[in-house]
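Visitor:
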Amino acid sequence: MSSLSPEEFVKNNAFDYIVVGGGTAGLVVATRLSEDASVTVGVIEAGGYHPEEPLINVPGYFGRSLGNPTFDWAFLTVPQKHANDRAIFNPRGKLLGGSSALNFMTLGRASKEEYDALESLGSKGWNWVSFLKYIKKSQTLIPSDNEFIEKFNTKLVDGIHGTSGPIKKSHSPWQGDLSIPFFQTLQTFGLERNPDAATGLATGSYTILSAVDPDTARRSYSASAYYAPNASRPNLVVLTGAQATKIILEGDAEPYTATAIEFVSGGKKYSVPVKKEVILAAGAFQTPQLLELSGIGDPSILNQVGIPSKVQLPGVGSNLQDHIYVPTVYKVKPEVATLDLLNEPGRSEAEEVLYNSQKGLYGSTHFALAFLPTNTFTPPEDVTRLKAELKNSTGFDSTPGLKKQHRFLEQWFDDKRHAQLEVISYPGFFPSPDKTPEPNAHYHMVAVANTHPISRGTVHIQSADALVKPTVDPAYLSSTIDLDILVHGVKFTRALHGRSPLKEMTVGSVDPAWIGDESDDVSDNNGEKGMKWDDDEAIREYVRNELQTVCHPVGTAAMLPREDGGVVDSKLKVYGTANLRVVDASIFPLQIAAHPQETIYGIAEKFSDIIKEDATQPGNKED
Ligand SMILES: Cc1cc2nc3c(=O)[nH]c(=O)nc-3n(C[C@H](O)[C@H](O)[C@H](O)COP(=O)(O)OP(=O)(O)OC[C@H]3O[C@@H](n4cnc5c(N)ncnc54)[C@H](O)[C@@H]3O)c2cc1C
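For the sequence shown, UniProt numbering begins at 1 and goes up steadily by one.
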């Protein structure tokens, strides 16, 4: 059965498991648990189900659903003190599939050491080897043909990609003219090509793999890959358009038992009982919100809105880490093939037709990526200065867990195996509400993003009313180290366009509009209004004014020992409860230098096995 009315959902007797949030991780777990026909699984999802929606399915339409209330929660942060008080837009998927339906489809892995760090931080069994096993389980690689592999130097390593999992993984067939010169120019800065960044060494430049099924040229995501093929299972029951408001916890002391979920649908309140476990998968903003609404969190936060505290866990909603990017734009010669081609009369319509036979620009996502260690984009004296600042940075001594994270951040900061900057090459004028491309001009948008943010923020309830969004304060740039890394990144984009072969394709800089000295090869502003390449304060201001989120929030219900500020243990069970677990981006204690969805699929697959195994333990058998 696919979807049904709330009345039918609650009449279903009690489910064995209820998953709150049918998003990226939630649907993996619901699908895996319902493989056992003897257990019943209910899913409560606030958004709708849109299996045939082109805005979701067509890879080349990525970004078009953002801000649309049918698909997007559209969070806004509180004004960011260190970003000139700007409130930053933070999209989050509000539909079956969650953010995997809205995202830009990049699949990627972090370095081996970043996964092993989880085990060192206290979570036994969470390491590179287990991630490799479970990420593989989640995906099927559809290899490119030899011509593509040779042209883009992208021969993948056998044995490390999945061959029979639900999510389809492929290279985008259309790459434009900029990606190879981008890679070649990066090599002049000492950054090598990494033909396969999934081996545990994730630095270098590479042609991305996307969550796209090349046979259908459609997005492959949790709703299409996990749920849809199994939607007819009678023991998997999904309720859409229903927002969970509270988990009912019974007992007088820890461990409390989750016995039911309250939710709202169509303006009416409902309650549905659960027999075995409640699994929270509402994402990095709303999982902590639901925990707090249910009496789990920092008592001082709960008291402010009159919620009685049950389990004291100050880590709930803290430790928020996000990747941020700063866009830069360069004009390139009009003969360079970029997505600006779509502005030509009739081209977009022609591409729509091509797409119907799974071809052309709309069947592709369009990024080439590079992950840079500090030595490739920061002068040595600044690496030393920033590392010293990192050593003395405050806030990391506030909990033992943060102290332990700090050790890794320090260790990785000047390690050539670890990236501190991501450089994203987008062939074209990246859509933006307040900027317009010149007619017939072609562009190269290069975004620079930090990979290991030092800033830590929070997400907390501001009301006992579950329908009021939580307050999101990522405290972007509260660490000046994050700011300085991005300043070096912005400068790096200028240097990049001043070296061959990109130099020969570049006409000039647009954003920022550089003015420079006689060695400035990329300025088209000769002495006019613009930014001097060595005016660090002006570049800092540019970063504060332009930064956006890469949409990768993690860490707000961290898997760490309780005494270290953790919220869940290594079986993802919420401390102080008997049967409440969390599986989503919020459990990741330390941000990874990668786009997270591949890792989140791995977490959800591993967690499904943990739950299945726990269910076979004596005392947990079927009643
Ligand atoms: C615009 C955008 C672009 C991105 N690009 C990439 C990319 O290219 N590559 C990459 O790896 N990652 C990308 N990401 C990040 C990645 O998609 C997310 O990190 C990941 O999908 C999060 O998965 P999750 O399971 O934690 O949460 P989600 O997938 O967001 O799932 C949470 C679900 O819970 C539901 N929910 C929330 N509250 C409630 C409630 N109270 N009751 C019922 N349901 C509720 C939501 O509606 C949602 O369906 C991007 C994200 C965005 C938003």
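For every residue, glycine included, the Cβ atom is placed at its ideal position computed from N, Cα and C.
Please read these numbers as outputs of a predicted model, since none were measured by experiment.
With a threshold of 7 Å (Cβ to nearest heavy atom), would ASP482 be considered close to ligand 1?
Guide: No, the Cβ of ASP482 stays beyond 7 Å of every heavy atom of ligand 1.
Visitor: Would you say VAL20 touches ligand 1, meaning its beta carbon is less than 7 Å from a heavy atom?
Guide: Indeed, a heavy atom of ligand 1 lies less than 7 Å from the Cβ.
Visitor: When you compare each of THR365, ASP584, LYS387, VAL583 to VAL58 by their alpha carbons, which one comes out closest?
Guide: Closest by alpha carbon: THR365.
Visitor: Would you mind sorting LEU369 into buried or exposed? The rule is 16 or more other CB atoms within 10 Å of its CB.
Guide: Buried is the call here.
Visitor: Please report the distance separating the alpha-carbon of PRO334 from that of SER509.
Guide: Between PRO334 and SER509, the C-alpha separation is close to 14 Å.
Visitor: Got a sec: does ligand 1 put a non-hydrogen atom nearer than 7 Å to the Cβ of ALA447?
Guide: No - ligand 1 has no heavy atom lying nearer than 7 Å to the Cβ of ALA447.
Visitor: Please report the straight-line C-alpha distance between PHE377 and PHE371, rounded to a whole angstrom.
Guide: Each residue's Cα considered, the two are about 11 Å apart.
Visitor: Return yes when the Cβ of VAL490 is within less than 8 Å of the Cβ of SER222, no when it is not.
Guide: Not a contact, by the Cβ cut-off of 8 Å.
Visitor: Spatial neighbours of VAL329 within its chain, please: CB distance less than 6 Å, with the 5 preceding and 5 following residues excluded, ordered by chain position.
Guide: Once the five neighbours on either side are set aside, the close Cβ partners of VAL329 are TYR443, MET445, VAL510, ASP511.
Visitor: Are three or more beta carbon pairs between the segment 290-305 and the segment 29-41 nearer than 8 Å?
Guide: Output reads no: the segment 29-41 does not touch the segment 290-305.
Visitor: According to DSSP, is ARG233 helix, strand or coil?
Guide: Reduced to three states, the DSSP call for ARG233 is coil.
Visitor: Return helix, strand or coil for VAL58, following the three-state DSSP convention.
Guide: Coil, per DSSP.
Visitor: Is ALA557 near ligand 1, in the sense that its beta carbon is under 7 Å from a heavy atom of that ligand?
Guide: Answer for ALA557: no, Cβ out of range of ligand 1.
Visitor: What residue ranges within the segment 3-67 form continuous alpha helix (DSSP H) runs of no fewer than 4 residues, ordered along the chain?
Guide: The segment 3-67 contains these whole alpha helix (DSSP H) runs: 6-11, 24-33, 54-57.
Visitor: What's the gap between the Cα of residue 697 and the Cα of ILE611?
Guide: For residue 697 there is no data in the structure shown, the boundaries of the chain being 1 and 623.
Visitor: How would you label SER265, buried or exposed, when you count the other beta carbons within 10 angstroms and need 16 or more for buried?
Guide: SER265 is buried by the Cβ-count criterion.
Visitor: Excluding the 5 residues flanking LEU141 on each side, which residues of the same chain have their C-beta closer than 6 Å to its C-beta?
Guide: Only HIS161, LYS169 meet the Cβ criterion.
Visitor: For GLU344, count neighbouring C-beta atoms within 10 Å of its own C-beta (all shown protein chains included) and say buried if the count is 16 or more, exposed if not.
Guide: It counts as exposed.
Visitor: Of the choices PRO433, VAL583, THR384, LEU547, whose alpha-carbon is the least far from that of TRP412?
Guide: TRP412 has its Cα closest to that of THR384, out of PRO433, VAL583, THR384, LEU547.
Visitor: Which value, in whole angstroms, describes the spacing of the CA atoms of SER164 and ILE248?
Guide: Straight-line Cα distance between these residues: approximately 39 Å.
Visitor: How should GLU147 be labelled, buried or exposed, when 16 other C-beta atoms within 10 angstroms of its C-beta is the threshold for buried?
Guide: Burial call: exposed.
Visitor: CB of ALA202 to nearest heavy atom of ligand 1: below 7 Å?
Guide: No, since every heavy atom of ligand 1 falls outside the 7 Å radius drawn around the Cβ of ALA202.
Visitor: Assign GLN185 to one of two classes, buried (16 or more other C-beta atoms within 10 Å of its C-beta) or exposed (fewer than that).
Guide: Here residue 185 turns out to be Thr, not Gln, going by the sequence shown. Classification of THR185: buried, given that the 10 Å Cβ count is 16 or more.
Visitor: Thinking C-beta only, is VAL543 closer than 8 Å to THR287?
Guide: Not in contact: THR287 and VAL543 (Cβ atoms no closer than 8 Å).
Visitor: With a Cβ-Cβ cutoff of 8 Å, do ASP177 and VAL336 count as a contact?
Guide: Against a cut-off of 8 Å, the Cβ pair of VAL336 and ASP177 comes out as a contact.
Visitor: What distance in whole Å lies between the Cβ atoms of LEU239 and VAL554, which are believed to be in contact at a cut-off of 8 Å?
Guide: About 27 Å; that fails the 8 Å criterion.
Visitor: Is the Cβ-Cβ distance between TYR134 and ILE324 less than 8 Å?
Guide: Against a cut-off of 8 Å, the Cβ pair of ILE324 and TYR134 comes out as no contact.
Visitor: So what does DSSP say about ALA242, is it helix, strand or coil?
Guide: In the structure shown, ALA242 sits in coil (DSSP, three-state: anything other than H, G, I, E or B).
Visitor: Applying the criterion that 16 or more other CB atoms from any shown protein chain within 10 Å of the CB defines a buried residue, is PHE9 buried or exposed?
Guide: Looking at its Cβ environment, which holds 16 or more other Cβ atoms inside 10 Å, PHE9 is buried.
Visitor: In whole angstroms, what separates the C-alpha of CYS551 from that of GLY93?
Guide: The alpha-carbon atoms of CYS551 and GLY93 are separated by roughly 11 Å.
Visitor: Can you tell me the Cβ-Cβ gap for PRO589 and LEU118, rounded? I've got them flagged as a contact below 8 Å.
Guide: Rounded, the Cβ-Cβ distance is 7 Å, consistent with contact.
Visitor: Could you tell me the boundaries of the beta strand (DSSP E) in which LYS269 lies?
Guide: Its beta strand (DSSP E) spans residues 268-280.
Visitor: What residues are listed by DSSP as bridge partners for TYR325?
Guide: TYR325 pairs with ALA449, GLN548.
Visitor: Do VAL305 and ILE461 count as a contact pair if the criterion is CB distance below 8 Å?
Guide: Yes.
Visitor: If you draw a straight line from the C-alpha of GLY527 to the C-alpha of ASP535, how long is it?
Guide: Confidence is the limiting factor: at GLY527 the pLDDT is only 49, short of 50, which leaves the residue's position unreliable, though a coordinate-based value still follows. So the two alpha carbons sit approximately 15 Å from each other.
Visitor: Should THR77 be labelled buried (16 or more other beta-carbon atoms within 10 Å of its own) or exposed?
Guide: By the neighbour-count rule (16 or more Cβ atoms within 10 Å), THR77 is buried.
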